[in-house]
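Okay, so the sequence shown: first residue is 30 according to the working numbering, each after it adds one. Just so it is clear, CB atoms sit at the ideal spot from N, CA and C, and this is done for glycine as well. Everything numeric in this text was worked out from a predicted model, so none of it was measured.
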Amino acid sequence: MVENTSELAITVGLQLPNAGLMEAEESLLELRALAHTAGASVVEMVVQSRSHPDTATYVGRGKLEEIKGLIHVHDAPLVIFDDELTPAQLRNIEGVLGVKVIDRTQLILDIFAQRANTREAQLQVDLAQLKYLLPRLAGRGTTLSRLGGGIGTRGPGETKLETDRRRIRQRIARLEREMEGIRAQRDLQRQSRARNAVPVVALVGYTNAGKSTLLNRITGADVLVEDQLFATLDPTIRRSTMPSSGQPILFVDTVGFIRKLPHALVAAFRATLEEVVEADVLVHVVDATAYNAVAQMSAVFEVLEELGVAGRPLITAFNKVDRLPSTVSLPDLLAGTPDSIAISSLTGAGLEGLFSAIEEKLGEDLTYAEYNIPYDQAAVAADMRAVGQVVEEHYTEDGICLAVRLPSGFTQRWAEFRIPSSNNPKP
Ligand SMILES: Nc1nc2c(ncn2[C@@H]2O[C@H](COP(=O)(O)OP(=O)(O)OP(=O)(O)O)[C@@H](O)[C@H]2O)c(=O)[nH]1
Ligand SMILES: [Mg+2]
Numbered sequence: 030m031v032e033n034t035s036e037l038a039i040t041v042g043l044q045l046p047n048a049g050l051m052e053a054e055e056s057l058l059e060l061r062a063l064a065h066t067a068g069a070s071v072v073e074m075v076v077q078s079r080s081h082p083d084t085a086t087y088v089g090r091g092k093l094e095e096i097k098g099l100i101h102v103h104d105a106p107l108v109i110f111d112d113e114l115t116p117a118q119l120r121n122i123e124g125v126l127g128v129k130v131i132d133r134t135q136l137i138l139d140i141f142a143q144r145a146n147t148r149e150a151q152l153q154v155d156l157a158q159l160k161y162l163l164p165r166l167a168g169r170g171t172t173l174s175r176l177g178g179g180i181g182t183r184g185p186g187e188t189k190l191e192t193d194r195r196r197i198r199q200r201i202a203r204l205e206r207e208m209e210g211i212r213a214q215r216d217l218q219r220q221s222r223a224r225n226a227v228p229v230v231a232l233v234g235y236t237n238a239g240k241s242t243l244l245n246r247i248t249g250a251d252v253l254v255e256d257q258l259f260a261t262l263d264p265t266i267r268r269s270t271m272p273s274s275g276q277p278i279l280f281v282d283t284v285g286f287i288r289k290l291p292h293a294l295v296a297a298f299r300a301t302l303e304e305v306v307e308a309d310v311l312v313h314v315v316d317a318t319a320y321n322a323v324a325q326m327s328a329v330f331e332v333l334e335e336l337g338v339a340g341r342p343l344i345t346a347f348n349k350v351d352r353l354p355s356t357v358s359l360p361d362l363l364a365g366t367p368d369s370i371a372i373s374s375l376t377g378a379g380l381e382g383l384f385s386a387i388e389e390k391l392g393e394d395l396t397y398a399e400y401n402i403p404y405d406q407a408a409v410a411a412d413m414r415a416v417g418q419v420v421e422e423h424y425t426e427d428g429i430c431l432a433v434r435l436p437s438g439f440t441q442r443w444a445e446f447r448i449p450s451s452n453n454p455k456p
């Protein structure tokens with residue numbers, strides 16, 4: 030859905046005191062890549078060094094006049110700011126510049142809108158867009174007429190975003206109800222997976238790190254792989270088996286993260302990201318060839334924290350080592366990150382190492398307990414034997430008595446069968 034004729038755009042960012050010029054430039058380069066993904070062509074990148082963003086206009090007034098001049102020089106109809114603007118900033122800047130102004134959040138939302146091609150993804154993006162739009166409607170009577178086309182105006186399944194507050198609220202409520210239905214459906218699927226007692230490994234990481242390539246490589250899946258930001262929006266779950274034990278295992282590929290990922294989007298994608306939240310182990314896929322790999326890693330951790338899974342067992346997989354530039358020291362990367370390994374999803378190098386690391390992580394947090402399982406639920410005992418390490422097993426009048434070490438994800442699941450005070454770890 031990318032336009033044939035790309036919109037010319039000027040990007041604007043700030044260099045704040047606690048950030049180096051490098052960081053500001055990296056952020057703008059990434060903004061340029063995002064703009065390109067959305068179908069814009071960046072003709073000029075403006076950076077201003079400031080102690081803090083101007084509350085009224087983000088950059089200073091003088092800078093704004095300078096940008097106005099650049100708009101004239103390039104005949105550029107679009108200006109993109111590198112941070113989320115407040116409703117007031119957006120209004121003021123549009124007033125001065127007189128062209129379409131969007132911020133990083135809107136740009137990311139726009140890319141998601143272009144790429145959403147399942148009902149669930151569309152719902153989630155719609156919801157995020159409407160929530161972004163709602164507080165920004167006031168006083169934009171004239172500029173709203175521009176919601177006719179181009180970047181920042183696309184909504185999935187809609188030709189035109191609603192402009193009336195009351196109707197937007199109604200639509201948000203309706204979408205939230207519909208999301209609730211999808212969430213319930215996903216819950217059921219997860220519960221059935223849980224009953225099947227298969228551990229889940231989620232692939233997480235920065236956009237374009239190679240998560241989908243890794244999933245395809247491991248499971249023979251057929252997920253779209255592209256040298257583009259946000260190729261994947263919908264989670265894909267595929268079954269594989271541990272090469273050593275034959276133990277079944279599920280891999281989940283999901284949406285990539287990025288710096289300054291809009292909160293509205295994280296919130297809206299909650300249903301999708303539940304798959305990550307429920308995972309037993311996270312594999313953090315890092316593009317080791319990225320010039321800003323370390324910054325990308327911390328951006329990923331920020332989102333993991335927001336999802337409440339920062340403490341989950343995690344393996345870092347430095348990917349794309351088949352084409353590592355000479356400037357990157359792999360030993361340094363590995364030494365600086367606990368539980369990390371080097372892989373190439375493209376060539377398959379290092380994948381046995383990845384599997385053993387996963388196996389180790391899954392086994393690390395085994396919790397010992399004793400369970401009494403009624404005979405009419407013998408399937409539960411079979412599941413326990415499959416995922417855990419049985420220490421002792423005998424049959425009583427009431428049922429099957431199992432002393433077993435289970436991965437922590439499973440202890441909660443079978444808590445109803447646990448024999449009270451049987452949690453003292455056995456030597
Ligand atoms: N050289 C090399 N390229 C790789 C490797 N893994 C992935 N790539 C390339 O990196 C690009 C992004 O790969 P994807 O698998 O789509 O990345 P992703 O993490 O799923 O990206 P999003 O879905 O956008 O979050 C593609 O062009 C892949 O071919 C690798 O090990 N080596
Ligand atoms: Mg992907």
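- Here MET74 is buried. Its C-beta has 16 or more other C-beta atoms within 10 Å.
- Around the beta-carbon of ILE448, fewer than 16 other beta-carbon atoms lie within 10 Å, marking it exposed.
- The beta carbons of VAL254 and ASP309 sit no closer together than 7 Å.
- In the structure shown, the three-state DSSP call for THR66 is helix.
- Listed in chain order, the non-local C-beta contacts of ALA410 below 7 Å within the same chain comprise ILE402, ILE429, LEU431, local neighbours out to five positions each way being set aside.
- In the three-state DSSP reduction, GLY234 falls in the strand class (E or B).
- Between ARG219 and THR248, the CB-CB gap reaches or exceeds 7 Å.
- Under the DSSP assignment, LEU383 falls in the alpha helix (DSSP H) whose first and last residues are 380-393.
- Distances taken from the Cβ of ASP193 to the heavy atoms of ligand 1 include none shorter than 6 Å.
- According to the DSSP assignment, SER373 belongs to no beta strand (DSSP E), since it is labelled neither H nor E.
- As for any beta strand (DSSP E) of minimum length 3 sitting wholly inside the stretch 272-300, the runs are 277-282, ordered along the chain.
- Classified as exposed, VAL323 has fewer than 16 neighbouring CB atoms from the shown chains inside 10 Å of its CB.
- Counting along the chain, GLY365 sits inside the alpha helix (DSSP H) bounded by residues 359-365.
- Pairing VAL315 with PHE280 gives a Cβ-Cβ distance that is not under 7 Å.
- The nearest non-hydrogen atom of ligand 2 is 6 Å or more from the C-beta of LYS349.
- A residue is called buried once 16 or more other Cβ atoms fall within 10 Å of its Cβ, and ALA378, having fewer, is exposed.
- Cβ-Cβ separation between ILE122 and THR66: approximately 23 Å, too far for a contact (criterion under 8 Å).
- In the displayed model, TYR87 falls within a strand according to three-state DSSP.
- For ARG352, there is no enclosing beta strand (DSSP E), as DSSP marks it with neither H nor E.
- Burial check for ASN237: the Cβ neighbour count within 10 Å reaches 16 or more, so the residue is buried.
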